[in-house]
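Residue numbers (this note's numbering), protein chains in the order written: chain A, 6 to 295; chain B, 572 to 1157.
Cβ coordinates follow ideal geometry from the N, Cα and C atoms, glycine included.
Have a look at the structure below, then the notes.
Shown next as structure tokens:
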């Protein structure tokens, strides 16, 4: 199995532990990753004001992957949503594709509409499968309560994303359960983390985050598990800000799913960037069954 | 006399310019980082910082950076081999010429008592060094104008730099060639260094030089008798060879002499050597005098930047030193375009043509901005958009060959620049491009933090008053069919809004709506109301709802619509339309 790894902008700059842990886990699962240096921003932040240019951003990436004859694996759900939406639009609309290709031609690129975009979680669950993952596990968590956070752009819009049942999803819960951790039931599981409003409307963003953190905490969670840099920044960096400002006392650290899985594979915490989180994750070692 | 006067003049301008430029590193304020320090505080902090490094273990990374980054320039090699070859050729060619040739009286003569510029190895080394520079300049021209490295834009300063270096070296080679071919030059040397009184012997020597040294004589012409050449060789051996190696060893000059051969006598008559001599040293002096104000100053500023990069850390360094370093970094930028090549949002430049999207161009702007130059409203708008159109992926910082911490620079200047309102609206602060500022809120001045988003909303409110004031009175307008049609026909939008029967499912599941006790007070129209407003062609309502800019794009509404209305996609489309209308109306 081989993919072009699409890191996006946040991960290399602000969430390097996600890249570290994803690479470590995927290496164990014998997934080959190619880095395409010319990859650029997926276009997500531009969609609010200029969808057309955002589409060119996405198409540029899709064309680069096509040139390498590879499908794209994203770690970020917002990249996933944006690239997959673009791939969908360009596959369906030949006129739009021609327009985009006229632009791409300046860089001798072309997009035919066939690149597949996949998120890490769906690669783990669908392409690799629970059975294959199980074979690589060397440890198991015990009494660890996890609040699985699905993230918006993996699930929705479901007609395009084709990730899981958008109303009653189970994919992330199943992946978490593989590690021996217990999924708690919480009502805000499918809600937005609040990150898209960070810096735009911090009050609104923090209201949403505070509600989610309190909800998961009250449901008995010890950690959140996420698989998106935006969500992780929100639950990690912004939660710290909120604590400093007295806006949250949930004290609920968030662990990236590949970090959780990596620990269950017996990969040492340093190789998973566990210490790179703002909020302390070291307590998680206590839950590894001896 | 003229030489001496112009040399001292050039040196004086160079010295004053250098002092001035260094002073600006302590006086110029780049963004918010420099605000609270006086120049004296910054100079004091710099002295403390430098001594702190020199007398600590941090001297080791400093020396490492000096060798790897400054002398071997490996950061360039890592990004682009050809560019590294280019730069090494120019840098070392020029430096060696400077010390061996320009400073011969002070350096080469002292080191090598037997030194003559016409004697090997110095004679051929000068040509080799010059050729290195010319080869480097050739690669520079090739990269800029033939290879056309993507997004490497060329400004007047880049052209000046290439031209001045090329003129210095080419005039030197031409001067050498003209002197080799010059009969006057030959007779002057004969008079000065030989004791030949015999006419026949003189002609023999002349023939020998014409035959093998590129000299063009009005008296003799090849082919020559073997005998005469033998006689000439004997005279040459006696008077010349002791301090003049064969002209062929200075192969570039010799080639130039041969090429100019047919014109040599004419050139000699018009004193070609003198003219080229003036051109050569004046070009050098102009280059020297203008150096502190030109891109060539990067030989100092970029070195300092690389050294600072090795020992400074935004978390632990004195804030006054970070302010100073940012002013220095603006001078250190060589406009090489590496950052622009690797920029994550460069597609926006390719699509929309605003060069201020590119990091390398932004630094150019910042130089003028920090120097307090007044800028047109159009230039301000371009930079306000460019400075915000950045995902803070840090690639520019990672690849910068001179170690500029561009990411810190952006954080420092984004707020003061984005807070300006003139030149037309920039709506990007209402997008996820704001994430990075939000994450770094504690590092930014609280008084202006909300200004960019507020400016965007205020600009929006000139067209759609509701966006700032949910209770605003707006005139009753009839259905705008054009608006409806425009929304329905956008290839990136969705015409499904027409299916809305206002069941309010979208509103019920919206987390933004649910975050407020009385949501309409804050978001104006609720999602289903926006869909209906669009269906009714009520543009003011549909485009003016604050809800648009509070939308998380979580797609809950779209997912839960029983009628298949692509609510989130429609909201995206409306935001795009509002942005377009506001930009067009400004």
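{"Item": "Cα separation between residue 894(B) and residue 915(B)?", "Value": "26 Å"}
{"Item": "Indicate whether the contact test is met: 3 or more Cβ pairs, each with one atom in the segment 691-711 of chain B and one in the segment 663-672 of chain B, closer than 8 Å.", "Value": "yes"}
{"Item": "Kindly confirm or deny that the segment 106-125 of chain A and the segment 181-199 of chain A touch, where touching means at least three C-beta pairs closer than 8 Å.", "Value": "no"}
{"Item": "Rank 67(A), 70(A), 143(A), 61(A) by C-alpha distance to the C-alpha of residue 105(A) and give the top, closest one.", "Value": "61(A)"}
{"Item": "Can you find a C-beta in chain A that's less than 8 Å from the C-beta of residue 920(B)?", "Value": "no"}
{"Item": "For residue 79(A), which three-state DSSP category applies?", "Value": "strand"}
{"Item": "Can you check whether the CB of residue 664(B) is closer than 8 Å to the CB of residue 728(B)?", "Value": "no"}
{"Item": "If you measure beta-carbon to beta-carbon, which residues of the segment 242-263 of chain A are closer than 9 Å to chain B?", "Value": "242, 243, 246, 249"}
{"Item": "Please check if any C-beta of chain A sits within less than 8 Å of the C-beta of residue 935(B).", "Value": "no"}
{"Item": "Determine the closest residue to residue 723(B) out of 917(B), 1131(B), 812(B), with distance taken between C-alpha atoms.", "Value": "917(B)"}
{"Item": "Evaluate contact between the segment 756-763 of chain B and the segment 850-869 of chain B, counting only Cβ atoms and requiring at least three cross-stretch pairs below 8 Å.", "Value": "no"}
{"Item": "Does the beta-carbon of residue 574(B) have 16 or more other beta-carbons within 10 angstroms, so that it is buried, or is it exposed?", "Value": "exposed"}
{"Item": "Would a C-beta distance cut-off of 8 Å place residue 1000(B) and residue 1017(B) closer than the cut-off?", "Value": "no"}
{"Item": "Can you tell which of 764(B), 853(B), 852(B), 798(B) has its C-alpha closest to the C-alpha of residue 812(B)?", "Value": "764(B)"}
{"Item": "So what does DSSP say about residue 895(B), is it helix, strand or coil?", "Value": "helix"}
{"Item": "Does DSSP put residue 700(B) in a helix, a strand or coil?", "Value": "helix"}
{"Item": "Distance check for residue 219(A) and residue 1113(B), CA to CA, integer angstroms please.", "Value": "34 Å"}
{"Item": "Alpha carbon to alpha carbon, what distance is there between residue 896(B) and residue 808(B)?", "Value": "60 Å"}
{"Item": "Could you check if residue 779(B) is buried or exposed, using at least 16 other CB atoms within 10 Å of its CB as the buried criterion?", "Value": "buried"}
{"Item": "Whole angstroms are fine: how far does the CA of residue 1105(B) sit from the CA of residue 1077(B)?", "Value": "15 Å"}
{"Item": "Since residue 297(A) contacts residue 68(A) with CB under 8 Å, what's their CB separation in whole angstroms?", "Value": "The structure shown does not extend to residue 297(A), since chain A spans only 6 to 295, so no value can be given for it."}
{"Item": "For residue 685(B), count neighbouring C-beta atoms within 10 Å of its own C-beta (all shown protein chains included) and say buried if the count is 16 or more, exposed if not.", "Value": "exposed"}
{"Item": "Using CA coordinates, which residue listed in 1052(B), 1033(B), 1055(B), 720(B) is at the minimum distance from residue 1045(B)?", "Value": "1033(B)"}
{"Item": "Within 8 Å (strictly less), CB to CB, does residue 14(A) reach chain B?", "Value": "yes"}
{"Item": "Can you check DSSP and say which residues form a bridge with residue 228(A)?", "Value": "151(A)"}
{"Item": "If residue 206(A) and residue 1121(B) are in contact, beta carbons under 8 Å, what's the gap, nearest whole angstrom?", "Value": "6 Å"}
{"Item": "Unbroken alpha helix (DSSP H) runs of length 4 or more, entirely within the segment 619-669 of chain B: which are they?", "Value": "630-636, 645-650, 652-668"}
{"Item": "Count the CB pairs spanning the segment 151-162 of chain A and the segment 194-203 of chain A that are closer than 8 Å, and state whether there are at least three.", "Value": "yes"}
{"Item": "How would you list, in chain order, the residues of chain A whose beta-carbon sits under 8 Å from the beta-carbon of residue 1012(B)?", "Value": "204, 207, 246"}
{"Item": "If residue 306(A) sits next to residue 79(A), beta carbons under 8 Å apart, how far is it from one beta carbon to the other, in whole angstroms?", "Value": "Residue 306(A) lies beyond the stretch modelled for chain A, which goes from 6 to 295, so this question has no answer here."}
{"Item": "At the 8 Å Cβ level, is residue 1022(B) part of the contact set with chain A, yes or no?", "Value": "no"}
{"Item": "For chain A, find out if any of its Cβ atoms is closer than 8 Å to the Cβ of residue 1147(B); answer yes or no.", "Value": "yes"}
{"Item": "So with Cβ pairs under 8 Å, would you call residue 108(A) a contact of chain B?", "Value": "yes"}
{"Item": "Using the DSSP secondary-structure output, state which residues sit across from residue 187(A) in a beta bridge.", "Value": "150(A)"}
{"Item": "Considering only their Cβ atoms, is the gap separating residue 604(B) from residue 983(B) smaller than 8 Å?", "Value": "yes"}
{"Item": "Determine, for residue 1056(B), whether the minimum Cβ-Cβ distance to residues of chain A falls below 8 Å.", "Value": "no"}
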